[in-house]
Amino acid sequence: MNRPLFKYACRYTPGDGVMTFSYRGRERVFETKSPFNVADATSQCDGRTDFGQACRSAGIGAAESERLIEFLTQYQLVVDGETTLRADGLLSGAELFWRLENLLLTWRTSPPKTVPNLDLDRSIAAGQAPISVVKGLFLEIAHLLRSVPDELACAVESAPQGPVQQAFMEFYEEECNHGRILTDALSSWFDGKKTIVESVPLPTTVARMHAYKGWARKDVLLYATALMRDESSALDAEVHEEEDIYLGMERHYDIPSIVVEKYRWHANLDRQLEHGFFPLEIFGSVDVVSEQRVKQTVSVLQQIVELHELFKWGVTQYYANNSVDTRFDRSASIFGEAGAPVRLKATAS
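Residue numbers for the sequence shown follow the numbering used here, so the first one is 5 and each next one is one higher.
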């Protein structure tokens, strides 16, 4: 890699005999006798400057230079500037992805404040959330995941024919059964699968479902932007114990083990399959991104971050005061008591 681009979301801090790099919640330590020289060289990794030249100007020798680029590459702190950046200075889709990642990771830790700060994950991990909230969370997640095939079908339909459409078709194959798998597992805790499927999702859940479908129909780049918030990667830091909702469920709640097992499986699957970087495939297919399209992607990124917070707020607010039974099918009154159907006579036109 001759012209590395230090990822916009990465940070570095020189210390006593070390240079500490941080990215996606993980810290990597590079041992060096010249941390400030390394910092100087790293600051020049703009994707256009030759790495050897950057190291020489920073006073770093050949051996240290080779060790540094191996370190940066090993931990995926840099990307190839020659394939990411355009020579004419225009914004490529790939460069936009890495710039959006920087914004996303900032908002993940400090999201825009549109709802009160309710740390649902920590509350469940500590066993402080009511069981009705935990049960409601599982129900709403099941609604979201059963909607994913429809979203991806919209993306397949609106995607340009060729590699992008093929990528979404393959992603569909990987994702299409997850909602069914989680619903089947959840049925052991509810009164059967039909109860779950026919239940009414919260409006804060419906908002997310409709937003995904709308973006998938309008522009697959917007949908890929939303997926950046949803999908995780092996590069992400491990979930801390105090935020591990599945560990909290095992410790503090009486929940069927198959439910916790399948939901944890789904959470870990994205990391194993590197779904966190599936959107990069879509962004990488765009040669040049217009200013208007950039504004749209930034808007979508903020919207999806806020919708995630709204989703958790809705779950917490509603299920802290209501049981999941209140979301079950209420059509019985239309068809009569005790299941006796109401006969509706057709009127002559």
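Idealized CB from N, CA, C, for every residue including glycine.
Consult DSSP for residue i and reduce its assignment to one of helix, strand or coil.
{"i": "Pro115", "result": "coil"}
{"i": "Ser353", "result": "Confidence is the limiting factor: at Ser353 the pLDDT is only 46, short of 50, which leaves the residue's position unreliable, though a coordinate-based value still follows. Coil."}
{"i": "Asp188", "result": "helix"}
{"i": "Tyr267", "result": "helix"}
{"i": "Phe332", "result": "coil"}
{"i": "Asn41", "result": "helix"}
{"i": "Leu273", "result": "helix"}
{"i": "Gln132", "result": "coil"}
{"i": "Asp123", "result": "coil"}
{"i": "His244", "result": "coil"}
{"i": "Glu235", "result": "coil"}
Report buried or exposed for residue i, applying the criterion of at least 16 other Cβ atoms within 10 angstroms of its Cβ.
{"i": "Cys180", "result": "exposed"}
{"i": "Leu94", "result": "exposed"}
{"i": "Gly63", "result": "exposed"}
{"i": "Phe175", "result": "buried"}
{"i": "Val83", "result": "buried"}
{"i": "Val292", "result": "exposed"}
{"i": "Val33", "result": "exposed"}
{"i": "Ala91", "result": "exposed"}
{"i": "Ser353", "result": "Bear in mind that the predicted position of Ser353 carries a pLDDT of just 46, short of 50, making it too unreliable to give a figure here."}
{"i": "Val338", "result": "Here residue 338 is Ile; the residue named in the question, Val, does not match the sequence. Ile338 should be labelled exposed."}
{"i": "Lys2", "result": "What the structure shows of the chain is the stretch from 5 to 353, and residue 2 is not part of that stretch, so it cannot be assessed."}
{"i": "Glu68", "result": "buried"}
Just to confirm before moving on: does the CB-CB distance between residue i and residue j stay below 8 Å?
{"i": "Ala241", "j": "Gly56", "result": "no"}
{"i": "Glu246", "j": "Ala133", "result": "no"}
{"i": "Ala336", "j": "Val137", "result": "no"}
{"i": "Val224", "j": "Val168", "result": "yes"}
{"i": "His312", "j": "Arg233", "result": "yes"}
{"i": "Thr209", "j": "His147", "result": "yes"}
{"i": "Ser303", "j": "Met213", "result": "no"}
{"i": "Tyr322", "j": "Leu206", "result": "yes"}
{"i": "Val22", "j": "Phe142", "result": "no"}
{"i": "Arg275", "j": "Ser327", "result": "no"}
Would you list the residues sitting across from residue i in a DSSP beta bridge?
{"i": "Thr24", "result": "Thr17, Val33"}
{"i": "Leu9", "result": "Asp50, Val83"}
Task: Those runs of the beta strand (DSSP E) which lie wholly inside the stretch 138–221 and span at least 3 residues - done: Fully enclosed beta strand (DSSP E) runs of 3 or longer: not present.
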